[in-house]
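Structure record follows, encoded as structure tokens.
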DNA sequence: CGGCTTGTTATGCAAGCGTATAAATACGGG
DNA sequence: CCCGTATTTATACGCTTGCATAACAAGCCG
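Chains as they are written, first to last, in full-length UniProt numbering: chain L, 1 to 217; chain X, 1 to 217.
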């Protein structure tokens, strides 16, 4: 029988298929670690056959790299969105930035699993290392610029060396809290991480930041 | 006369063999990621045949777990050593603790590579996750106890909730700086990370800590 | 409506994986 | 001195992996 009129597969545009494969890759990595992201598992989740992957990507490594780039982009975009709705005061911008990086969309076990998997691999894979370095430095520059604006507003302009030290420390706070939140999200209440981070950054810079939890208002 | 006098292998005690196999595993993980730690590669580096692994470990998973436990122990031991030579003042102890975790033996690309490799897998491997959780909570408890002593000395005893928040933040600072230092050690001068961390912790707690860089001595 | 392009599947292959099993060897105790 | 036993090696098996290739079919264009 000709299995009635049902088609066996549908053709899709290149953009759609690439996006689906990347998303399926992220799902697989998040679920079973980077070693669980085999071409067969990815294809199964994407609803296509395994061979199709090599029709859109030269090899599995390229798919993984594209997937990691997508994660980096998603995270930095999230942070930039928080800045797009630019509040009037620099202090508010900095607080919003910190909050965006420690909130639900970024603090996510799935993203962390990807990050850890790729970070571990970046030591032996120069291409992945480049992707990482790019997103990382962009993030730190953003922090440095925000801190500079905040200190200037407070009438305490900082020299470049001090600005750098502040950016490094604040970046570390955000990174560290992000990791803790991703690995043990159940241990922290909603917004608790962001509150801790903002309080810590405020103390670090010696300024008052809006949105501090328990500010005794 | 056994052909010629040369022995084909030597018998070693169980302790020695297990230690060698664990060390070989760490070498493999650090060099090529956790996926590069195959039983054959590990055995080759340890100078034994592949089959011997299963004579000392029920399976490869057990070897990996033992190897990760060794890494965690090594890191926490390093920090505890800094506390063993207990200085008089709590502030000095806290500073020494921070400095120990951001100095040469702990800030190391190889250890980071190991950490990242295992962390990535811990999401899908409950045994590894348990090993991690154990070492992690021990570290945080240490920080909390140190912070409590420092605040008490300063005449500003903190309630448990505040203590917890401080411990979380300081832990994050150390973690974040540790990662930055491991991944891009060339970007930081000697002792710079420790200096940034101590300054940040001092600001966070509102106390003066010894060993601050640029303290105008 | 029939051929053409090309997205898509199906199948196969060589390599590498972890593991199981039996043979070989070192080395201490009778 | 030689035997017994635990350690170590050697070999093989079944499975999965990433990748290559050929058959297939969906949708467009004349």
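Ideal Cβ positions, reconstructed from N, Cα and C, are used throughout, including at glycine. Given the structure is predicted, the values throughout are model-derived calculations rather than measurements.
Query: Contacts of residue 121/X in chain L (Cβ-Cβ under 8 Å); Result: 33, 35
Query: Proximity test, Cβ basis, 8 Å: residue 173/L and chain X; Result: yes
Query: Cβ contact check for the stretch 57-71 of chain L and the stretch 92-103 of chain L: 3 or more pairs under 8 Å; Result: no
Query: Rounded C-alpha distance that separates residue 39/L from residue 67/L; Result: 13 Å
Query: Environment of residue 175/X [buried if 16+ CB atoms lie within 10 Å]; Result: buried
Query: Residue 278/L versus residue 155/L - alpha carbon distance; Result: Missing from the structure shown is residue 278/L; chain L here goes from 1 to 217 and no further.
Query: Within-8 Å CB hit, residue 176/L to chain X; Result: yes
Query: Neighbourhood of residue 200/L by C-beta, 6 Å cutoff - its chain only, sequence neighbours within 5 removed; Result: 173
Query: Within the stretch 103-187 of chain X, ranges of the beta strand (DSSP E) (whole runs, at least 3 residues); Result: none
Query: Within 8 Å, strictly: CB atoms of residue 104/X and residue 78/X; Result: no
Query: Cβ shell of residue 70/L (< 6 Å), same chain only, five flanking positions each side left out; Result: 22
Query: Collapsed DSSP secondary structure at residue 73/L in the structure displayed; Result: helix
Query: Beta-carbon neighbours of residue 59/X, restricted to chain L and to distances below 8 Å; Result: Those within 8 Å of residue 59/X in chain L number zero; the least Cβ separation is about 16 Å.
Query: Test: residue 117/X CB closer than 8 Å to a CB of chain L; Result: yes
Query: Under the three-state DSSP convention, the category residue 38/X falls into; Result: coil
Query: Neighbour flag for residue 78/L against chain X, beta carbons, 8 Å; Result: no
Query: Rounded separation between residue 207/X and residue 163/L - CA only; Result: 22 Å
Query: Residue 111/X: contacting residues in chain L (beta-carbon distance under 7 Å); Result: Neighbours of residue 111/X on chain L: none; closest Cβ ~12 Å, over 7 Å.
Query: Cα-Cα separation, residue 123/X to residue 7/X; Result: 45 Å
Query: Cβ pair count under 8 Å reaching 3, the stretch 48-59 of chain X against the stretch 137-151 of chain X; Result: no
Query: For residue 168/L, the nearest candidate out of 211/L, 20/L, 157/L, 148/L (CA to CA); Result: 148/L
Query: Cβ of residue 204/X within 8 Å of any chain L Cβ; Result: yes
Query: Where residue 12/L falls: helix, strand or coil (DSSP); Result: coil
Query: Cutoff 7 Å; reference residue 41/L; Cβ partners in own chain excluding five residues on either side; Result: 28
Query: Residue 10/L, buried or exposed, once every other Cβ within 10 Å from all chains shown has been counted against 16; Result: exposed
Query: 8 Å Cβ cutoff, residue 24/X in contact with chain L; Result: no
Query: Proximity test, Cβ basis, 8 Å: residue 42/X and chain L; Result: no
Query: Neighbourhood of residue 153/X by C-beta, 6 Å cutoff - its chain only, sequence neighbours within 5 removed; Result: 90
Query: Chain X contact for residue 200/L (CB, 8 Å cutoff); Result: yes
Query: Classification of residue 55/L by the beta-carbon crowding that lies within 10 angstroms, buried from 16 upward; Result: exposed
Query: CB contact check: residue 216/L to chain X, cutoff 8 Å; Result: Its pLDDT being 39, under 50, residue 216/L is placed unreliably in this model, and the value from its coordinates should be taken loosely. Residue 216/L does not count as touching chain X.
Query: CB of residue 177/X within 8 Å of CB of residue 202/X, strictly; Result: no
Query: Cα-Cα separation, residue 165/L to residue 150/L; Result: 15 Å
Query: Simplified DSSP assignment, three categories, for residue 204/X; Result: helix
Query: Near-chain L residues of the stretch 94-105 of chain X (beta-carbon distance less than 8 Å), N- to C-terminal order; Result: none
Query: Interface residues of chain X facing residue 180/L [CB-CB closer than 8 Å]; Result: 168, 171, 172, 175
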